[in-house]
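Sequential numbering of the sequence shown, starting at 136, is according to the numbering used here. The structure appears right after this line, and notes come after that.
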Amino acid sequence: MLRVYPIFHSGFLVELRECCLLFDYYQGEIPAVDPAKTLYVFVSHGHRDHYTPRLRELTARWPRRYFFTGGVAGEEFHTMAPGDRAAVDGVTVEAFDSTDEGVSFLVRAEGTAVFHAGDLNLWYWEGDTEAERAEMTRRFEAVLDRLRGEPLDLAFLVLDSRQTEADAAAGIDRFQETVGARYIFPMHFGGDEALLDRRMARLRDTTHMLDPRRKPYYDLSDDS
């Protein structure tokens, strides 16, 4: 079983046969999936568009739940720094660096490999110097180097409307060229549907680029 529920912004829930993975939730409706499944909750960092302090309350219906974070304090949270690994009941979690705050996550569960970038991206901005762009590229490529060769099933990657048209998809394009995944979901696009439409129109033959506006979920079970 493999279902992906787009929630909002960078928030997604991945449902597998025995567990669910909830990434960077801060608003929207959390899908009403089976609470008997174990819930693994991931918070890449504490920015308000990636985390809500109400997360514990909103996920309380799951009797078994585990929280992993790249920078939110809390007794229940398993805090991870880049390079850290954790394992719970056959689910393995690896934290990678970010080019902003916190971490990105690689999660392996039930034979499925999921990468959630958090705020990992090629953050190119108008007015950047060549040196600033070079340093951003170096940091981004360092993470891709560690991911290269990983057989990823899902990747959730940044598409930010605040960047210029030329730069907005640079991170996704570079990820596809060097790492790749069976399915990619753009995220973090801030409601700029025109930008998302243009990006979806550039679908590469080698990758399924899936539209995060679809409700309620994608059922990828037959292809997994």
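Backbone N, C-alpha and C define an ideal beta-carbon position, used for all residues, glycine too. All values derive from a computational prediction rather than experimental measurement.
Item: Verify whether the separation of the beta carbon atoms of GLY107 and VAL178 is less than 8 Å.; Value: Residue 107 lies beyond the range of the chain shown here (136 to 359); nothing can be said about it.
Item: Mind checking MET215: buried by the 16 CB within 10 Å criterion, or exposed?; Value: buried
Item: Taking the alpha helix (DSSP H) that PHE279 belongs to, which residues open and close that run?; Value: The sequence shown places Leu at residue 279, rather than the Phe named in the question. Residues 265 to 282.
Item: Taking the straight line between their C-alpha atoms, what separation do you get for ASP254 and GLY237?; Value: 8 Å
Item: Tell me the DSSP secondary structure of GLU192 in three-state form.; Value: helix
Item: Name the DSSP beta bridge partners of THR173, please?; Value: CYS154
Item: Would you kindly work out how many angstroms separate the C-alpha atoms of SER356 and HIS185, rounded to a whole number?; Value: 27 Å
Item: Quick one: what's got a C-beta closer than 6 Å to ALA277's C-beta in the same chain, skipping five residues either side?; Value: none
Item: Specify, as a first and last residue, the run of the beta strand (DSSP E) that MET215 falls within.; Value: Taken as a continuous stretch (DSSP letters only), MET215 belongs to no beta strand (DSSP E), as it is neither H nor E.
Item: So does the region 321 to 328 actually touch the region 270 to 286, counting three or more Cβ pairs closer than 8 Å?; Value: no
Item: Just list the residues that DSSP pairs PRO141 with in beta bridges.; Value: PHE147
Item: Assuming the contact rule is C-beta atoms closer than 8 Å, PRO286 and ALA230 should be a hit. Round their C-beta distance to whole Å, please.; Value: Contact flag wrong, Cβ pair sits at about 19 Å.
Item: Could you give the DSSP three-state label for ALA208: helix, strand or coil?; Value: coil
Item: Mark TRP197 as exposed unless 16 or more other C-beta atoms lie within 10 angstroms of its C-beta, in which case mark it buried.; Value: buried
Item: If I measure Cβ to Cβ from SER359 and keep anything under 7 Å in the same chain, skipping five residues before and after, which residues do I get?; Value: At SER359, the pLDDT of 42 sits below 50, so the modelled position is not reliable; the number obtained from the coordinates is stated separately. Cβ within range, chain order: LEU137, THR247, ASP288.
Item: Look at ALA303 and PHE250 and say whether their C-beta atoms are less than 8 Å apart.; Value: no
Item: If you draw a straight line from the C-alpha of LEU256 to the C-alpha of ARG191, how long is it?; Value: The question names Leu, but residue 256 in the sequence shown is Asn. So the two alpha carbons sit approximately 28 Å from each other.
Item: From VAL207 to LEU174, what does the alpha carbon distance come to, in whole angstroms?; Value: 18 Å
Item: Following the continuous beta strand (DSSP E) through ARG333, name the residue where it begins and the one where it ends.; Value: Run containing ARG333: none in the beta strand (DSSP E); it sits in the alpha helix (DSSP H), 328 to 336.
Item: For SER104, which of helix, strand or coil comes out of DSSP?; Value: Nothing can be reported for residue 104, as the shown portion of the chain is limited to 136 through 359.
Item: Rounding to the nearest angstrom, what Cα-Cα distance links ARG152 and ARG283 in this structure?; Value: 27 Å
Item: Looking at the secondary structure, which residues open and close the alpha helix (DSSP H) in which ARG309 lies?; Value: 305 to 313
Item: Please name the residue in ALA266, VAL314, ASP219 whose C-alpha comes closest to that of PHE240.; Value: ASP219
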